[in-house]
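K.L.:
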Amino acid sequence: MSKRKNPSDDNNLNSDFCDFLMELAEYEKNVSRNVHKYNAYRKAASVLATHSKRIESGDEAKKLSGIGDKISKKIDEFLQTGKLRKLENIHQDEDAQAINTLTRVTGVGPVKAAEFVRNGIKSIEDLRNNIDKLTHHQTIGVRYFEDFEKKIPRKEIQDIEGKLKNLIKNLDPEFTVTICGSYRRGKRESGDIDALVTHPSLKINEKKKKHEAKLMKSLVDALKGLVTDVISIGDTKFMYYCAILYFTGSDVFNKTMRAHALDKGFTLNEYALRPVGVTGVPGEPVQISSEEDVFDYIDYPYKTPEERNM
DNA sequence: CAGACTGCGCATCTCT
DNA sequence: AGAGATGCGC
DNA sequence: GTCTG
Numbered sequence: 001m002s003k004r005k006n007p008s009d010d011n012n013l014n015s016d017f018c019d020f021l022m023e024l025a026e027y028e029k030n031v032s033r034n035v036h037k038y039n040a041y042r043k044a045a046s047v048l049a050t051h052s053k054r055i056e057s058g059d060e061a062k063k064l065s066g067i068g069d070k071i072s073k074k075i076d077e078f079l080q081t082g083k084l085r086k087l088e089n090i091h092q093d094e095d096a097q098a099i100n101t102l103t104r105v106t107g108v109g110p111v112k113a114a115e116f117v118r119n120g121i122k123s124i125e126d127l128r129n130n131i132d133k134l135t136h137h138q139t140i141g142v143r144y145f146e147d148f149e150k151k152i153p154r155k156e157i158q159d160i161e162g163k164l165k166n167l168i169k170n171l172d173p174e175f176t177v178t179i180c181g182s183y184r185r186g187k188r189e190s191g192d193i194d195a196l197v198t199h200p201s202l203k204i205n206e207k208k209k210k211h212e213a214k215l216m217k218s219l220v221d222a223l224k225g226l227v228t229d230v231i232s233i234g235d236t237k238f239m240y241y242c243a244i245l246y247f248t249g250s251d252v253f254n255k256t257m258r259a260h261a262l263d264k265g266f267t268l269n270e271y272a273l274r275p276v277g278v279t280g281v282p283g284e285p286v287q288i289s290s291e292e293d294v295f296d297y298i299d300y301p302y303k304t305p306e307e308r309n310m
């Protein structure tokens, strides 16, 4: 549920560059509605963040994958003047700033934010005064706006993990619960809590739709004591180990691993690992019975969750 | 120089 | 009402 | 915006 990422963390020698690149990324996504530029800027910020040397010039930066002419020039401008004219202009654009603010509410994207601003709704407070114009999702986003932007301490997640497991065990002891995400990677705090729940009867394929639906419903009902609001309810079921791998991340690690899978003639997503035929058409999913299995199949050295912080 | 950049489930809107 | 499209989040 | 074919 976390909307913000931060390549400008710990010992990052290029954090000032990362900051303005991330700001440009947000602008492209929220205001220009160009998610590809957004990703391009984020990739550039990410590669600079993991670079072990302080970048001294645009030319030097340009050697890195993901940084081309335009960002190279921006780095030079920032090095010379300490700021970016493009960013200064954006700061002065009140509508752009308003759109950026509104998209921080979960459920409000670039299109809805622009529409709100067009209709004079330009702040979180404005949203709170127009609850009747919000979807269920957006209402929750506004109600917990401040909370959603806070990080969750590991200790707190451990508490919730305990309560969740206890609750679910009482419902049906065969349920298993795994908290994935950055928590599983050992981080001290997380932006959200990704809980993956499975039940043996869901693994026995098909012919169980009714039972499955009943289980899901009883699960959701049981969670009512712990969960205060429900944004959406689905009945999706996926291959457990691929899901646990995917939801543990990090996203950069996932991208690396998927690329490696392709090299080895497989396609990997959150549902399954499938061989890619010569025609390029994916075949039937490979039988997986552990996370390690996935690594084995694509001949990729096993990494513990803690080693997946990339 | 043109096209890719993951793509899918859910909620909600729009069309018929 | 039902099919399809759109916005959104991940 | 950057990379690839």
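Numbered per the UniProt record's numbering, the first sequence spans residues 1 to 310. We put the beta carbon where it would ideally sit given N, CA and C, even for glycine.
Using a Cβ-Cβ cutoff of less than 6 Å, which residues in the same chain neighbour residue 311 once the five nearest sequence positions on both sides are dropped?
P.N.:
Given that the chain is displayed from residue 1 to residue 310, the structure contains no residue 311 and the question cannot be resolved.
K.L.:
Using the Cβ count rule (16 or more neighbours within 10 Å means buried), how would you classify T103?
P.N.:
Under this definition T103 is a buried residue.
K.L.:
Can the beta-carbon of D95 be found less than 8 Å from the beta-carbon of V117?
P.N.:
Yes, Cβ-Cβ distance for D95 and V117 is below 8 Å.
K.L.:
Identify which residue in D299, M257, L245 has its Cα closest to the Cα of L196.
P.N.:
The shortest Cα separation from L196 among D299, M257, L245 belongs to L245.
K.L.:
Can you name, in chain order, every residue of its own chain whose Cβ lies under 6 Å from the Cβ of V35, other than the five neighbours on each side?
P.N.:
The answer, listed in chain order, is K29.
K.L.:
Could you have a look at T135 and say whether DSSP puts it in helix, strand or coil?
P.N.:
Coil, per DSSP.
K.L.:
With which residues is V197 paired in a DSSP beta bridge?
P.N.:
Per DSSP, V177.
K.L.:
Ends of the alpha helix (DSSP H) at R85?
P.N.:
Here the alpha helix (DSSP H) through R85 covers 85-92.
K.L.:
Looking at R184 and F253, is the spacing between their C-beta atoms short of 8 Å?
P.N.:
Not a contact, by the Cβ cut-off of 8 Å.
K.L.:
Note down the Cα distance separating D194 from A61, rounded to an integer number of angstroms.
P.N.:
Approximately 35 Å between the Cα atoms of the pair.
K.L.:
Determine the DSSP secondary structure at E292, reduced to helix, strand or coil.
P.N.:
Of the three classes helix, strand and coil, the one that applies to E292 here is helix, per DSSP.
K.L.:
Buried or exposed for K163, please, with buried defined as at least 16 other CB atoms from any protein chain shown within 10 angstroms of its CB.
P.N.:
By the 10 Å Cβ count, K163 comes out exposed.
K.L.:
Consult DSSP for V276 and reduce its assignment to one of helix, strand or coil.
P.N.:
Strand, per DSSP.
K.L.:
If you reduce the DSSP assignment to three classes, tell me which class T267 lands in.
P.N.:
If DSSP states are grouped into helix, strand and coil, T267 belongs with the strands.
K.L.:
For I152, write down the residues that DSSP places opposite it in a beta bridge.
P.N.:
Bridge partners of I152: S190.
K.L.:
Buried or exposed for V227, going by 16 or more other Cβ atoms inside 10 Å?
P.N.:
It is exposed - the Cβ of V227 has fewer than 16 other Cβ atoms within 10 Å.
K.L.:
Ignore the nearest five residues each way along the sequence and tell me which others in I233's own chain have a CB closer than 7 Å to its CB.
P.N.:
Same-chain partners within the cutoff: V220.
K.L.:
Considering N30, what are the terminal residues of the alpha helix (DSSP H) in which it resides?
P.N.:
That run of the alpha helix (DSSP H) goes 15-30.
K.L.:
Would you kindly report the start and end of the unbroken alpha helix (DSSP H) that includes R118?
P.N.:
Unbroken alpha helix (DSSP H) run through R118: 110-118.
K.L.:
Between E161, T267, E189, which has its C-alpha nearest T176's C-alpha?
P.N.:
With distances taken between Cα atoms, T176 lies closest to E161.
K.L.:
Kindly list the residues whose CB is nearer than 8 Å to the CB of I168, restricted to its own chain and excluding five residues on each side of it in sequence; keep chain order.
P.N.:
The answer, listed in chain order, is F175, V177, V197, L219, A222.
K.L.:
When you compare only the Cα positions, how much space is there between S250 and Y144?
P.N.:
Those two C-alpha atoms are separated by around 25 Å.
K.L.:
Could you pull out every residue in the same chain whose Cβ sits closer than 8 Å to the Cβ of H137, ignoring the five residues on either side in sequence?
P.N.:
Excluding sequence neighbours, H137 sits near T106, G107, I231, S232.
K.L.:
Out of S52, S32, H91, Y38, which has the shortest C-alpha to C-alpha gap to S15?
P.N.:
Answer by Cα proximity: S52.
K.L.:
How big is the Cα-Cα spacing for P305 and P282?
P.N.:
If you take the alpha carbons of P305 and P282, they lie about 27 Å apart.
K.L.:
Is the beta carbon of G191 less than 8 Å from the beta carbon of K151?
P.N.:
A contact, by the Cβ cut-off of 8 Å.
K.L.:
Buried or exposed for R42, going by 16 or more other Cβ atoms inside 10 Å?
P.N.:
The residue is buried, with at least 16 neighbouring Cβ atoms inside 10 Å.
K.L.:
Who are the Cβ neighbours of Y297 in its own chain at under 7 Å, not counting the five residues just before and after it?
P.N.:
Around Y297: F266, L273, V286.
K.L.:
When DSSP builds the beta bridges, which residues end up paired with P305?
P.N.:
DSSP, once it has assigned bridges, lists no residue as partnering P305.
K.L.:
Who does P282 pair with in a DSSP beta bridge?
P.N.:
According to DSSP, P282 bridges with V276.
K.L.:
How should N11 be labelled, buried or exposed, when 16 other C-beta atoms within 10 angstroms of its C-beta is the threshold for buried?
P.N.:
Counting Cβ neighbours within 10 Å, N11 comes out exposed, since fewer than 16 surround it.
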